[in-house]
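Shown next, in C-alpha cells, is the structure this report addresses.
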Amino acid sequence: MRALEESRLVTLTGVGGVGKTRLALRVVREVRARFPGGVRLVELSSVRRPESLREAIRSAIGEREAGGVRRSLLVLDNCEHLVESAGPLVDELISGTPGLRVMVTSRRVLGAVGESAYQVEPLPIDGSADGSAGGQPEAVTLFADRAAGLMPGFVPTPEVALLCRRLDGIPLAIELAATRLRTMSFDQIMGRIDDRFSLLSGFARTPVRRHRTLRMAIGWSHELCEPEERMLWARLSVFSGDFDLPAARTVCAGPAAAGGVPEAEDVLSRLVDRSIVQRVVSGRVVRYRMLDTVREYGGEWLRRLGLEGETRRRHRDHYLALARRFDREWFGPSQMDWHDRMIRELPNLRAALDFSFADPAEQARGVEMAARLAYFWIACGFVCDGRRYLSAALSHLPDVPPGEGVNRALWVGAWLADVQGDLDQANDLATECMSRSFAVLDRASAGWATACCATTGLRWGYLPEALGMYERARRTHEEGGDLGAGLATALVGEAYVLARLGRREEAMARLRRHRSLCDSLGDIWMRSSGDWVRGFIELEEGDAASAARFFRASLRAKHLLGDSLGMTTAVSALAAAAARSRDMERAARLLGVSELIELSFGLRVSISPPDDVREATEDLARSALGADDFTAAFQRGRAMDVEAAVAYALEPPSPVPAGTDGTDGAARTED
C-alpha cells in the first residue's frame with residue numbers, strides 16, 4: 001500500500017503459487033476507498049496476443065475514462081506472458097491518464113519507466129505451530145483453516161509447521177496438501193512429501209487453470225523461459241541451499257551443444273527477473289537460491305535430459321576444489337573468513353559428499369573430500385557430520401588406492417572418534433595410520449596420527465607415554481617440514497602433559513613456541529588451545545583469577561569458531577577456577593553448562609581433559625553446597641540456551657559474600 005502511494009506503477013513479483021493475486025486482492029480491499037474513480041481488475045491469464053491485451057484494458061477502464069483525471073486503480077493480474085507488450089502499454093496509459101495508478105501481478109517485472117517492484121515472499125513458517133503465546137505462523141494458519149473445512153475441530157500440531165516448511169510456505173502448495181486430507185491421513189501426506197508434484201496433483205479451486213496444480217503453476221514459469229534459461233534452471237537444481245556466482249559458472253557454464261549454458265551469468269540474472277531464482281544479499285555477500293519446489297521441478301528436467309550425473313559430478317568437483325583450498329589456507333589469517341564461508345556452503349558440501357559415496361566410481365573423491373574438511377568438522381562444531389562422513393569414507397578404503405588420501409582419512413577419522421569419546425576406535429585408526437604413513441614417508445599423516453595416539457593415551461591416564469608420543473609427533477612434523485596446524489597440535493599437547501607432570505618451565509617453553517607459531521601465521525584456533533593450557537598452569541599454581549582470564553580468552557575464540565570440544569573444555573576449566581575461588585554455586589552451574597554443550601554438539605560426556613580436575617571440581621562443589629543445592633545449580637546451567645550459557649561463562653564472576661559458599665567465608669574472586 002505504501003508502494004502504491006509512492007509510485008504509479010507497482011508490480012508484485014514472485015514464484016508461481018506464492019500468492020501474488022491473493023495479495024493484490026487484499027490490497028484492493030484496503031485501498032478501494034482512496035480511488036473515487038474506481039478499481040478495475042483485468043485477468044490476463046487467457047489473453048495470449050498483444051493486441052488482445054490492449055482491448056482487454058480498454059474494455060475494463062472504458063474509452064471515456066482513458067485520459068481522465070479522477071484517481072483510479074487498474075489491476076493487471078497474471079501478466080508474465082505479456083511483459084514485452086504490457087510495459088510500453090502501461091507507460092502509455094500512465095502518461096496519458098494523470099489520475100491512474102496500476103498494480104500488476106507477474107512472475108517478472110515489466111521494465112517500465114517508474115516501476116516499483118515488490119517481491120511477494122512465501123508465507124512465514126517460523127513460530128509456534130500450536131497457537132501458543134508465540135503466535136501461529138501464517139502458513140500453519142492457512143493449512144489449519146483449509147483442513148478444518150474438511151475435518152471440523154482440526155488442531156495443528158508441530159508436524160504441520162514441518163509440512164509447511166517442506167512446502168516452502170507456498171500458499172498453493174499448502175492448500176493442495178490440505179485437500180489431500182479428504183483421502184489421506186496427515187502421516188501419509190508427510191510420507192509422500194518428497195514427491196510433492198505427484199502428491200499435490202489435485203485441483204485447487206481457482207479460475208486460472210494453470211494454477212490448479214502445483215506442477216501446472218511451476219510448469220507455466222518453465223514454459224515462459226527461453227531454452228538456455230530452462231537449461232540453467234535444470235543444472236542449478238543440483239545446488240542445495242544457496243550458492244554463489246562462481247559456483248554457478250563452474251557447474252553450469254559451457255557450450256550449448258554439450259548441454260552447458262553460454263553466458264551463464266546473464267542467464268542467471270534473467271532467472272532472477274523471472275522469480276525462478278532468488279537473490280540473497282547479506283552484507284557484502286551476494287548469493288542465490290531456489291525454493292525447494294522450484295529446485296525439484298528443475299531436477300526432474302535434469303534427469304529427463306540425462307544430465308544429472310554429469311552435473312552433480314561438476315558440482316562435486318567444484319566443492320572438492322573448495323575443500324582443498326580450505327585445507328591449505330585454514331591455518332592462517334583468513335580463518336574467520338573460511339569459517340563463515342564453509343558454514344554457508346555446508347548444504348552443498350553435504351550434497352557433494354552424498355553424491356560421491358552413493359556411486360562406487362566416485363568414492364575416492366568422497367574419501368578425499370571428507371578428509372580435507374578435517375578442520376571444519378573439528379574446529380567449527382560439526383563433529384557429528386564429520387564422524388558420519390568419515391565413517392562412510394573408512395568403509396570404502398578397500399576400494400580406494402593406498403596413499404596419502406587414505407592415510408589422511410584414517411587420522412581424521414581417529415581424531416573425530418577421539419572427540420566423541422570412542423577411544424578404542426580412535427587408537428586403532430591412529431595406529432593403522434601410523435603404520436601406513438611411516439612406511440611411505442607420509443610425515444604429515446604420521447605426525448597427526450601419532451598426536452592422536454598421544455591424546456588417546458592421555459585420556460586413559462598414561463601421561464609419560466602420552467608425552468613421548470607428542471614429542472615424536474612434534475619431531476615428525478619438524479622433519480617433514482610441516483610447520484602448521486600439525487606442529488601446533490603436537491606442541492600444545494606436549495605442553496599440557498609437561499604441565500600435568502609438574503615440569504612447568506618446559507611446558508612454558510613449548511607454549512611460547514606454540515604462541516609464536518600461531519601468531520606468525522595469523523591463527524586463532526590453535527592459539528586458543530595454548531591459552532587453555534596456560535590457564536591450566538596458572539590454576540595448578542593457585543592463581544585462579546589469572547587462570548580464569550586465560551580460560552575465558554580460550555572460550556571466546558572457540559565459541560567464535562564453533563569448536564564444541566574447545567568450548568566445553570574451557571567451560572569445565574572455568575568451573576574449576578570458580579571452585580578454587582570458592583564460588584561453588586557458579587562452579588556447579590558451569591559444570592551443567594559444560595554438559596549442555598557436550599550434548600548439544602554430540603560429544604561424549606566427561607571425556608574432556610582433565611577429567612580428574614573436573615571430577616575434583618564436582619566433588620568440591622557438591623561437598624560445599626550439599627547434594628540438593630549442587631544438583632539445582634547444575635541443572636540451571638544445563639537448562640540454559642547454549643548462547644546464553646556461553647555468555648554466562650564469559651562473565652567475570654561477582655565477589656562471593658562471606659559464608660554463602662558452604663566454606664569458611666575466605667572467598668576469592670577471579671578478577
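For the sequence shown, counting from 1, position 572 maps to 572 in UniProt numbering; every step adds exactly one. Ideal Cβ placement from N, Cα and C applies to all residues, glycine included.
Stretch pair the stretch 7-24 + the stretch 99-109: three plus CB contacts closer than 8 Å: Yes, the stretch 7-24 touches the stretch 99-109.
Using a Cβ-Cβ cutoff of less than 8 Å, which residues in the same chain neighbour C518 once the five nearest sequence positions on both sides are dropped? Taken in chain order, the residues that qualify are A488, I524, M526, R527, G530.
First and last residue of the alpha helix (DSSP H) that includes E585? Where E585 is concerned, the enclosing alpha helix (DSSP H) stretches over 584-600.
Assuming G259 contacts M290 under a Cβ cut-off of 8 Å, what Cβ separation, rounded to an integer in Å, is found between them? Cβ-Cβ separation between G259 and M290: approximately 19 Å, too far for a contact (criterion under 8 Å).
What are the complete alpha helix (DSSP H) segments, minimum 4 residues, inside the stretch 365-441? The qualifying runs are 374-379, 383-395, 404-419, 423-439.
What's the gap between the Cα of R26 and the Cα of L150? If you take the alpha carbons of R26 and L150, they lie about 25 Å apart.
Going by CA-CA distance only, name the one from S72, T179, V120, G405 that's closest to L23. With respect to the C-alpha of L23, the residue from S72, T179, V120, G405 having the closest C-alpha is V120.
When DSSP labels each residue in this structure, what does E541 get in the three-state scheme? DSSP places E541 in coil when its eight states are reduced to three.
Would you call I343 buried or exposed, if buried means 16 or more other Cβ atoms sit within 10 Å of its Cβ? The C-beta of I343 has fewer than 16 other C-beta atoms within 10 Å across all chains shown, which makes the residue exposed.
Where does T11 sit, in a helix, a strand or coil, going by DSSP? Here T11 sits in strand by DSSP.
Judging by CA-CA distance, which residue of R270, F143, A454, P152 is the nearest neighbour of R165? Nearest Cα to R165 within the set R270, F143, A454, P152: F143.
I'd like the list of long-range same chain contacts for D292, defined as Cβ closer than 6 Å, with 5 residues on each side in sequence excluded. Sequence-distant Cβ neighbours of D292 in its own chain, meaning closer than 6 Å and more than five residues away, are D168.
Spatial distance of G299 from T311 (CA atoms): So the two alpha carbons sit approximately 11 Å from each other.
Taking the alpha-carbon of A374 as reference, which of E115, E345, W330 has the nearest alpha-carbon? It is W330.
According to DSSP, simplified to helix, strand and coil, what is S116? Strand at S116.
Kindly list the residues whose CB is nearer than 7 Å to the CB of F154, restricted to its own chain and excluding five residues on each side of it in sequence; keep chain order. The beta carbon of F154 sits closer than 7 Å to the beta carbons of A144, A147, A148 from its chain, once the five residues preceding and following it are set aside; these are given in chain order.
Helix, strand or coil, according to DSSP, for Y648 in the structure here? DSSP places Y648 in the helix class (H, G or I) of the three-state scheme.
When you compare only the Cα positions, how much space is there between H559 and L423? Within the model, the alpha-carbon separation for H559 versus L423 is close to 25 Å.
Helix, strand or coil at D639 [DSSP, three-state]: According to the sequence displayed, residue 639 carries Ala and not Asp. Correct three-state label for A639: coil.
Going by the DSSP bridge assignment, what does residue 672 pair with across the sheet? Because residue 672 is not part of the residues shown, which for the chain are 1 to 671, the question remains open.
For E432, which of W411, G96, S221 has the nearest alpha-carbon? For the set W411, G96, S221, the Cα lying nearest the Cα of E432 is the one of W411.
Three-state secondary structure assigned by DSSP to S520: Note: S520 maps to helix in three-state DSSP.
Looking only at its own chain, which residues have a Cβ that is under 6 Å from the Cβ of G280, when we skip the five neighbours before and after it? The sequence given here has Val at residue 280, not Gly. Excluding positions up to five away in sequence, the list reads D242, R287, R289.
Please list, in chain order, all residues of the same chain as L467 whose beta carbon is under 6 Å from its beta carbon, the five residues on each side excluded. Spatial neighbours of L467 in its own chain (CB-CB distance under 6 Å, excluding positions within 5 residues in sequence) are listed in chain order as V497.
Decide if the stretch 446-463 is in contact with the stretch 396-413; the criterion is three or more beta carbon pairs, one per stretch, under 8 Å apart. In short, these stretches touch, since the Cβ pair count reaches three.
Do F536 and V613 have their C-beta atoms within less than 9 Å of each other? If you check the CB distance, F536 and V613 come in under 9 Å.
Can you tell which of R32, D337, S185, G381 has its C-alpha closest to the C-alpha of L599? Checking every option, the nearest Cα to that of L599 belongs to G381.
If you check the beta carbons only, do A371 and A393 fall under 9 Å apart? The answer is yes: Cβ separation under 9 Å.
Among W415, W377, S237, S594, which has the Cα closest to the Cα of G562? Closest by alpha carbon: W377.
Supposed close pair C252, L236 - CB separation, criterion 8 Å: A Cβ-Cβ distance of about 6 Å is found for the pair C252 and L236, placing them in contact under the 8 Å criterion.
So R316 and F355 are supposed to be a Cβ contact under 8 Å. How far apart are they, rounded? Indeed, because the Cβ distance is near 5 Å, the residues count as touching under 8 Å.
Considering only residues of the same chain and omitting the five flanking positions on each side of L200, which have a CB-CB separation below 7 Å? Cβ within range, chain order: A173, L176, A177, T213, L214.
DSSP has D612 in a bridge; who is on the other side? Beta-bridge analysis with DSSP links D612 to no other residue.
One question on the structure: do G602 and Q425 come within less than 9 Å of each other, judged by their Cβ atoms? In this structure, Q425 does not lie closer than 9 Å to G602 by Cβ.
Count the other CB atoms within 10 Å of the CB of E55; is the residue buried (16 or more) or exposed (fewer)? E55 is exposed by the Cβ-count criterion.
Give the list of continuous alpha helix (DSSP H) stretches no shorter than 4 residues that lie fully inside the stretch 298-343. With a minimum length of 4 residues, the unbroken runs of alpha helix (DSSP H) contained wholly in the stretch 298-343 fall at 308-329.
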